[in-house]
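Q:
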């Protein structure tokens with residue numbers, strides 16, 4: 181059985197879930213240090229004016245080597261309301277927004293202290309929406325290199341929002357593609373709201389080279 185090593189993300193990119201859908205078992209990296217400008221605290225959606233960043237505000241610390249699991253959300257900003265309204269504005273007219281709305285909205289009504297807890301809550305709801313069931317574990321120690329581990333695929337680099345190669349994904353219909361064209365590898369929510377129950381089949385049909 182192959183095991184995929186991933187970082188928990190703020191919902192995560194479509195590319196991340198292509199790997200997720202093809203793996204037999206998932207192990208989430210729980211012991212790494214936090215890094216800025218990654219999908220840990222951000223996602224990109226397709227708004228009326230094109231690609232739109234939704235970024236979770238983080239409480240700053242003097243410690244430059246904070247563990248991901250120690251990172252706290254800055255809840256003095258009304259970010260949850262802003263993010264949910266942005267999702268509504270972007271996807272209210274999509275085919276499946278209303279289908280999943282009742283499952284997703286509570287994530288933006290509850291206050292979370294730690295970023296990792298919020299991301300795991302997002303993951304739990306998302307897997308239910310996608311109807312994905314796989315064995316899931318969490319790391320207990322940090323390993324920098326998995327190259328000597330049998331049947332392990334290290335895809336932790338997918339958490340990086342910049343400076344990495346991406347898969348060539350098939351197009352699908354997006355809400356504003358007639359105005360701005362197809363935008364690849366957005367948040368998994370873009371695929372979910374546009375493809376609905378077909379999302380898992382789309383993910384499984386993508387090629388990993």
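In my numbering, the protein residues as written are 181 to 389. For every residue, glycine included, the Cβ atom is placed at its ideal position computed from N, Cα and C. Predicted model, so just to flag it, every value in this text is computed and none were measured.
1. Does the beta-carbon of residue 230 have 16 or more other beta-carbons within 10 angstroms, so that it is buried, or is it exposed?
2. How would you label residue 223, buried or exposed, when you count the other beta carbons within 10 angstroms and need 16 or more for buried?
3. So for residue 223, helix, strand or coil by DSSP?
4. Just verifying my parser: in three-state terms, what is the DSSP assignment at residue 366?
5. Here's the rule: buried if 16 or more other CB atoms are within 10 angstroms of the residue's CB, otherwise exposed. What is residue 358?
6. Is the distance from the Cβ of residue 318 to the Cβ of residue 208 below 8 Å?
7. Roughly how many whole angstroms lie between the Cα atoms of residue 276 and residue 243?
8. Should residue 200 be flagged as near chain B, meaning a C-beta pair shorter than 8 Å?
9. Using the Cβ count rule (16 or more neighbours within 10 Å means buried), how would you classify residue 325?
10. On the premise that residue 239 lies in contact with residue 250, defined as a C-beta separation below 8 Å, what is that separation, rounded to the nearest angstrom?
11. Leaving out five residues on either side along the sequence, give the residues of the same chain with a beta carbon under 7 Å from the beta carbon of residue 291.
12. Name the residue from 367, 284, 215, 347 whose alpha carbon lies nearest to the alpha carbon of residue 260.
A: Short version:
1. exposed
2. buried
3. strand
4. coil
5. exposed
6. The answer is yes: Cβ separation under 8 Å.
7. 42 Å
8. Here chain B cannot be found, since the structure has a single protein chain.
9. exposed
10. That belief does not hold up - the Cβ atoms of residue 250 and residue 239 are roughly 10 Å apart, past 8 Å.
11. 255
12. 284
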